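So that you can map any letter, position 82 of the sequence shown is 211 in the numbering used here, and since no number is skipped, the others follow by simple counting.
A virtual CB, placed ideally from N, CA and C, is assigned to each residue, including glycine.
Remember, predicted model here, so these are calculated numbers, not experimental data.
Here's the structure, in structure tokens; my notes come after.
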Amino acid sequence: MSNVERRGTARDVLAVPAFRRIYIATFISNAGRWMQMTSLGVLGWELTESPTFLGLLILAQLGPMSILSLVGGSLADTSNRRNLLFGTQAWQMAWTLVLAALVLDDVIAENVLLILVFIIGIGQGLYAPIFTSILPAIAGAENIKAAVSLNSIQTNGSRVIGPAVGGLLASTVGFAEVFAINGFAYLAVLFAIARTPIPASTATAGASFADRVFGGFRVAWRAPQVGRPLLLMSLFAFFCLPFIGQLPAITELNLGVDAQTPQYGWFYATFGLGGMAGAALVGTVLANVDSRLMIRASLVGFAANLAWLASIRDLTVAYVAIFLVALFYFSLPTVLASVWQEHVDETVRGRVSALWVLSFGGTVPISNAIAGPIIEATSLDTVIYGGAVMAIVLAAAFRLRSGPVVGEEILSIHQDPHDRANQRAVTRQK
């Protein structure tokens, strides 16, 4: 597998002012988002007590990524990234405050809730691939793995704080207050974007529409070192992650805990703490461990602990299980993201970032929408155990491929893509 000559550390990347500013602001905003996402799941369960509705709520949250991530990736490679980042964050802020205003009495029509969550998700569907694409540019090529790891750490660190605070506030103050806090948390990112130089896109201005929107698929198909990590993430998200949208149901049906209590907030926060630990291990202690070994260990560890979680009926033990589930779960995308990021250059990074966002954001909502009716027809444990079995299958069947760094030249249909990739690799070495 191709790697940059020197990999920077977390200290190196945090020493970059632009990265540090965006990093801190994103942590604040993500804490607000996790407060809202956790509370939305509880609100949806309190309104309906339906696993199917929880699946639809996840579909509304993440579904826009299925529709818009390709557009966002194209824009990331061809348009003004600063304006796009600012506009999509302002959009989410405005509609989140609308949601807060409509839930002042902790009651809202189910269809209205789904529509508003979908509208907010439109902004995130465009924002996510653009944000993913700028991280290496503002961190530096030598800091890619450290930047990816740190970003995963802050995402999961906010997943610790957000659910804990959100669960407490939802049970003591109300859902509207949680949503309002999240709305105003967007100001942190808006301020950081306004103050930070965002590198301009470098893709060819005259690229065809197909290359601008669907070029990421061509890159992934023609460069297995890029495509295989994306494929694994898609399969893992579809078959193994339906349990995410069912966490309120797991706490109530399996553990006997009311989802609208601080205990649920702490349970979700423990999930975030495990994810933060997994990402931190990948970026520090396990930074030099072979990616193939890390991927297989993550899948096997995830499978074992997810199956254990399904068998547990005691909340105290479940805290340990959900921590370990998250630790192995989030170590996997951290490794996979590092692999594909190290194999693309700035001319196609936005379009491949769109596929990365799609591999999770476009897959989890579909799998959750399918899982809801299956749970109602069979049982919650059926879906959870099924995810554990599929993780073992993926661990046994999946293989990474090595290869050079690729860019926009691989989109050409007039030359063998492997010849172009090899030519580019020789040029880089010179």
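In this structure, DSSP gives Val535 an extended state, which the three-state scheme calls strand.
In terms of Cβ geometry, Ala268 and Phe365 do not form a close pair [threshold 7 Å]. Taking C-beta atoms as the reference points, Ala483 and Leu199 count as a pair closer than 7 Å.
The three-state secondary structure of Val473, taken from DSSP, is strand. Inclusion of Ile451 and Thr325 in the CB contact set at 7 Å is not warranted, their separation being larger than that value. Contact check for Gly201 against Pro265 fails: the beta carbons are separated by 7 Å or more.
Taken through DSSP and simplified to helix, strand or coil, Ala329 comes out as coil. Contact check for Ile251 and Leu197: beta-carbon distance about 6 Å, within the 8 Å limit, so the pair qualifies. In the three-state reduction of the DSSP assignment, Ile251 falls in the helix class, which pools H, G and I. Distances from the alpha-carbon of Trp224 to those of Leu465, Ile504, Ala398 and Phe313 put Phe313 closest.
With contacts defined as CB atoms closer than 7 Å, Val468 and Val348 fail to qualify as a contacting pair. Note that the C-beta distance between Ser203 and Val342 is below 7 Å. In the three-state DSSP reduction, Gly345 falls in the helix class (H, G or I). Taking 7 Å as the cut-off, the beta carbon of Tyr393 is found closer than this to the beta carbon of Gly296. Burial state of Phe320 is exposed, judged by a 10 Å Cβ sphere holding fewer than 16 other Cβ atoms.
Per the Cβ contact rule, the stretch 518–533 is not in contact with the stretch 371–387 (fewer than 3 Cβ pairs under 8 Å).
In the three-state reduction of the DSSP assignment, Val429 falls in the helix class, which pools H, G and I. Classified as exposed, Ile244 has fewer than 16 neighbouring CB atoms from the shown chains inside 10 Å of its CB.
Distance check between Pro462 and each of Glu471, Trp485, Glu475 and Val449 places Trp485 closest, using alpha-carbon atoms only. Leu384 and Ile441 have their C-alpha atoms roughly 8 Å apart. If you compare the alpha carbons of Leu529, Ile499, Val418 and Leu183 with that of Phe368, the shortest gap goes to Ile499. Per DSSP, reduced to three states, the secondary structure at Ser262 is helical. Scanning its chain for C-beta atoms nearer than 8 Å, with the 5 sequence neighbours on each side dropped, one finds around Leu233 the residues Gly303 and Ala305, in chain order. Between the C-alpha atoms of Ala219 and Ala525 there is a straight-line separation of about 44 Å. Note on geometry: alpha-carbon atoms of Asn240 and Met164 lie some 21 Å from one another. Annotation: the continuous alpha helix (DSSP H) that includes Glu175 extends over Pro146 to Thr177. Under the criterion of beta carbons closer than 8 Å, Phe431 and Phe400 do not qualify as touching, at roughly 13 Å. Taking Val294 as reference, the option from Phe489, Ala160, Val446 and Gly407 with the minimal CA-CA separation is Ala160.
Leu298 sits in a helix when the DSSP states are folded into three classes. For the options Leu226, Gly286, Gly344 and Gly291, the alpha carbon positioned closest to that of Phe308 is the one of Leu226.
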